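Per the UniProt record's numbering, the very first residue in the sequence shown carries number 1; after that it's consecutive. Note that CB positions come from ideal geometry on N, CA and C, so glycine has one too. Source: prediction; values computed, not measured.
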Amino acid sequence: MEGEFQKQNRRLLYIINPLTRQVFVLPPTSVGIQIPKLCGIGYAAASMEYKVVLTLSCFKDSSVWGILTVGVDSSWRIVRTDHLPRSALRLCPPLTTEGFMHWAVGGDRGERKIGNQVLTLDVETEIVTVSCVPFNYGGYDHWTYLSTGRCLTLLITCGKFLWEVWEMKLGNKGGEWRKMDGVIIDLGARMFEQFGFKLVPDGWLKYLEVLVLRHYCPSLNRLSIFAYNLLTKEISPIGLPNVCTRCRPAVNKNSLVWLAGC
Numbered sequence: 001m002e003g004e005f006q007k008q009n010r011r012l013l014y015i016i017n018p019l020t021r022q023v024f025v026l027p028p029t030s031v032g033i034q035i036p037k038l039c040g041i042g043y044a045a046a047s048m049e050y051k052v053v054l055t056l057s058c059f060k061d062s063s064v065w066g067i068l069t070v071g072v073d074s075s076w077r078i079v080r081t082d083h084l085p086r087s088a089l090r091l092c093p094p095l096t097t098e099g100f101m102h103w104a105v106g107g108d109r110g111e112r113k114i115g116n117q118v119l120t121l122d123v124e125t126e127i128v129t130v131s132c133v134p135f136n137y138g139g140y141d142h143w144t145y146l147s148t149g150r151c152l153t154l155l156i157t158c159g160k161f162l163w164e165v166w167e168m169k170l171g172n173k174g175g176e177w178r179k180m181d182g183v184i185i186d187l188g189a190r191m192f193e194q195f196g197f198k199l200v201p202d203g204w205l206k207y208l209e210v211l212v213l214r215h216y217c218p219s220l221n222r223l224s225i226f227a228y229n230l231l232t233k234e235i236s237p238i239g240l241p242n243v244c245t246r247c248r249p250a251v252n253k254n255s256l257v258w259l260a261g262c
């Protein structure tokens with residue numbers, strides 16, 4: 001999802017498929033100021049429809065969702081979200097898995113109250129469930145939610161080069177978490193230690209096989225991206241253009257072919 005400012009605090013949003021180079025322009029909203037990072041797109045397999053959900057902060061003490069069925073709706077449907085935890089809706093972009101969109105917040109121990117709830121929207125039915133993370137590890141410093149494309153995962157930092165991986169399985173009453181094998185970076189750790197690197201999980205290239213990690217150096221304004229192979233224990237840098245000082249990997253599926261006919 002990309003966007004550009006228009007008059008009257010509006011912002012035009014685009015759906016872009018980087019592989020097919022397709023661009024689909026969405027209608028502007030009539031409410032609030034749009035923040036592109038707070039919107040996401042999900043696919044409803046039964047109806048074969050794409051839906052875009054956008055968090056709009058249009059009231060002082062509440063927020064709403066704008067929901068648009070791509071190629072069907074000519075305007076956004078406004079849905080009040082007063083009954084949902086506003087912290088997750090306002091502070092983080094949604095993560096998309098197959099048929100679902102999730103709002104979850106990773107953070108340090110000071111944000112733990114925010115991070116223990118995950119909101120899940122069924123793209124087909126537009127029903128929202130709230131799931132609690134059923135564990136409390138007071139000694140852990142950071143948790144990060146990542147989409148695999150198929151499911152939602154939670155990585156809990158146990159040390160500078162050690163993470164636990166949890167996977168959420170969706171049921172009728174919300175999500176259930178199960179612990180997966182831990183992720184340990186051991187090859188090349190000494191090199192990173194001497195530079196004081198702190199690596200942050202940023203995405204899966206292949207679930208439970210290749211994990212993307214990033215490190216940003218403020219003094220040099222330099223972003224470094226690495227791919228870590230969990231099977232071979234190898235870590236290798238990923239080259240970036242010089243203009244890229246900050247970026248975040250995102251799961252991409254080349255599945256927007258039908259949008260050409262909308």
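6 Å CB neighbourhood of residue i in its chain, flanking five on each side removed
i      : result
TYR43  : TYR50
THR129 : THR120 and GLY174
TRP166 : LEU154, TRP177 and LYS179
PRO237 : PHE226
VAL210 : ALA227 and ASN229
ARG109 : Any answer about ARG109 is weak, because its pLDDT of 42 lies below 50 and its placement is not dependable; what the coordinates show is given next. Taken in chain order, the list of residues that qualify is empty.
LEU170 : none
Candidates the options, of which the one nearest residue i by Cα
i      : options                           : result
HIS215 : PHE161, TRP166 and GLU234         : PHE161
ILE172 : SER219, PRO93, LYS198 and ILE127  : The sequence shown places Asn at residue 172, not Ile. Here the closest residue by C-alpha is ILE127.
LEU240 : TYR228, SER224 and ASN229         : SER224
VAL53  : VAL64, SER47, ALA45 and ALA46     : VAL64
GLY159 : LEU152, MET168 and HIS142         : HIS142
TYR145 : ASP122, PHE192, TRP204 and GLU193 : TRP204
ASP82  : CYS92, LEU56 and THR148           : LEU56
VAL118 : ARG80, THR148 and MET168          : MET168
PHE192 : ILE235, ARG80 and TRP103          : ILE235
TRP103 : PRO218, ARG21 and LEU152          : LEU152
Status (buried if at least 16 other CB within 10 Å, exposed otherwise) for residue i
i      : result
CYS39  : buried
ASP202 : buried
CYS132 : exposed
LEU231 : exposed
PRO94  : buried
MET48  : exposed
LEU220 : exposed
LYS233 : exposed
Same chain only: Cβ atoms within 8 Å of residue i, ignoring 5 sequence neighbours per side
i           : result
ARG150      : THR97, GLU98 and TYR207
ARG77       : GLY66, ILE67 and LEU68
ALA46       : GLU124
MET101      : GLY40, GLY42, VAL53, PRO94, LEU95, THR120, LEU121 and VAL123
residue 313 : There is simply no residue 313 to check, as the chain begins at 1 and stops at 262 in what is shown.
ARG21       : none
Same chain only: Cβ atoms within 7 Å of residue i, ignoring 5 sequence neighbours per side
i      : result
TRP163 : LEU155, ILE156, THR157, GLY182, VAL183 and PRO201
LEU213 : LEU199, VAL200, PRO201, ASP202, PHE226 and TYR228
VAL79  : VAL64, TRP65 and ILE67
SER147 : LEU95, THR96, THR97 and VAL251
Closer than 8 Å: residue i CB and nearest the ligand HEM heavy atom
i      : result
ALA104 : For the structure depicted, the ligand HEM is absent and the ligand set is empty, with no information on it obtainable.
- Item | Three-pair Cβ contact test at 8 Å for the segment 63-83 versus the segment 17-29 | yes
- Query: Going along the chain, which unbroken runs of the beta strand (DSSP E) with 3 or more residues stay wholly within the segment 200-231?
  - Reply: 200-206, 210-217 and 222-229
- At what residue ranges does the segment 141-177 contain a whole run of the beta strand (DSSP E), taking only runs of 3 or more? 143-147, 152-159 and 162-171
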